[in-house]
Amino acid sequence: MGKTLIIANWKMNFTVHEASVFLHKLDKVVQNHRNVEMVIAPTALCLQPLSIQIDHAKYKLAAQNLYWRDEGAFTGEVSAHQLRGLVKYALIGHSERRYVFHEHEKDIRNKVQAAVRNGIIPVLCVGETAAERTDGETDMIIHNQIVSGLANLTADEAKTVVVAYEPVWAISKGKDFAGHASATPGDAAKAARSIRRQIQHLFGRETAQEVRVLYGGSVNGSNSAGFLTVTELDGLLVGGASLHVDEFSKMVKSAHDRR
Ligand code: PGA
Numbered sequence: 004m005g006k007t008l009i010i011a012n013w014k015m016n017f018t019v020h021e022a023s024v025f026l027h028k029l030d031k032v033v034q035n036h037r038n039v040e041m042v043i044a045p046t047a048l049c050l051q052p053l054s055i056q057i058d059h060a061k062y063k064l065a066a067q068n069l070y071w072r073d074e075g076a077f078t079g080e081v082s083a084h085q086l087r088g089l090v091k092y093a094l095i096g097h098s099e100r101r102y103v104f105h106e107h108e109k110d111i112r113n114k115v116q117a118a119v120r121n122g123i124i125p126v127l128c129v130g131e132t133a134a135e136r137t138d139g140e141t142d143m144i145i146h147n148q149i150v151s152g153l154a155n156l157t158a159d160e161a162k163t164v165v166v167a168y169e170p171v172w173a174i175s176k177g178k179d180f181a182g183h184a185s186a187t188p189g190d191a192a193k194a195a196r197s198i199r200r201q202i203q204h205l206f207g208r209e210t211a212q213e214v215r216v217l218y219g220g221s222v223n224g225s226n227s228a229g230f231l232t233v234t235e236l237d238g239l240l241v242g243g244a245s246l247h248v249d250e251f252s253k254m255v256k257s258a259h260d261r262r
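This is the structure in structure tokens:
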């Protein structure tokens, strides 16, 4: 088993100053992280200053989104080409991008490809809505989002990808992360198997084994250890709880203690 990946998706929280102070505090609290790859996904504005502040042996950075064209007349966008060298990972197809910003499958697939082309590891987020779950469509949705999201990659490129299973109904609004419904470790294990099955079908067994799969959706310091008992998972994608130093350090501890 490689290092357990913990990605903190800060979403649209923290100013540059607050982000810097947070990491300063976290650094004092977090111990025993040797078995953990800690990744921070702050707002785009914070990437440059945090890259100067952090110990790169300890923390990696991720973009929360990117645009697939390298440059041009695309007001408000930041390209994979511009992020190259600054981030190791980029979240792509997060449900807030899909449902709040109406990102289409075509955009998502182009973004995944642009990330890979620019040496950035895409973290492709997939997952069903509450209605789709009720209708028993979870597997089908995962299948469709994987097939579409990875369509522009070769089997070798696909090996590098991280897939995050984030059921939309389990994602908190941030402040309510502790009381919000999450999936069970059993749900996450089932989805992870389904993700690897789709990838094996598309790219073969070797690629399916190398792809890393995360669970995300109301993970916090109290339930992270439960998710990490799932051997099919390589880590966690955390929103609301990652904005709290104590929660974050508990999750890192549970990831470190996993093996
Ligand atoms: P949450 O967010 O942990 O607050 O549910 C997860 C995510 O959206 O990545």
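One rule links them: number in this note's numbering = place in the sequence shown (from 1) + 3. Where is the CB? At the ideal position from N, CA and C, for every residue including glycine. Keep in mind the model is a prediction, meaning the values are calculated, not measured.
Inclusion of L240 in the 7 Å shell around the ligand PGA follows from its C-beta lying nearer than that to a non-hydrogen atom of the ligand. Here I198 has V129, I145, I149, V166, Y168, V214, V216 as same chain residues with Cβ atoms under 8 Å from its own Cβ, once five neighbours each way along the sequence are excluded. Each residue's CA atom was taken as its position, placing A161 and A117 some 13 Å apart. Of the residues assessed, Y102 falls on the exposed side of the cut-off, its CB having fewer than 16 other CB atoms within 10 angstroms. Collapsing the DSSP output to three states places K61 in coil. Residue environment analysis places Q34 among the exposed positions, since fewer than 16 neighbouring C-beta atoms fall within 10 angstroms of its C-beta. G219 has L240 as its beta-bridge partners, per DSSP.
Along the stretch 37-113, the beta strand (DSSP E) occurs as fully enclosed runs of 3 or more residues at 39-44, 62-66, 92-95, listed in sequence order.
Between the stretch 89-99 and the stretch 56-76, the count of Cβ pairs shorter than 8 Å is three or higher; the stretches touch.
Counting the other CB atoms within 10 Å of its CB gives G207 a total below 16, which places it among the exposed residues.
Counting other Cβ atoms within 10 Å of its Cβ, V32 stays below 16 and is therefore classed as exposed. For L26, the uninterrupted alpha helix (DSSP H) segment begins and ends at 19-32. In the three-state scheme derived from DSSP, where H, G and I count as helix and E and B as strand, N12 is classed as strand. In the DSSP assignment, the residues bridged to V166 are L127, V216.
By the beta-carbon neighbour count (other beta carbons within 10 angstroms, threshold 16), L156 is buried. When DSSP states are grouped into helix, strand and coil, T141 belongs to the helix group.
Beyond the five residues adjoining it in sequence on each side, E80 comes within less than 6 Å, by CB distance, of Y70 in the same chain, given in chain order. Checking the DSSP bridge columns, you'll see T7 partnered with V39. With a cutoff of 7 Å, G79 does not count as near the ligand PGA, since its C-beta is closer than that to no heavy atom of the ligand. About 18 Å separates the CB atoms of P170 and R200; that is not less than 8 Å, and the two are not in contact.
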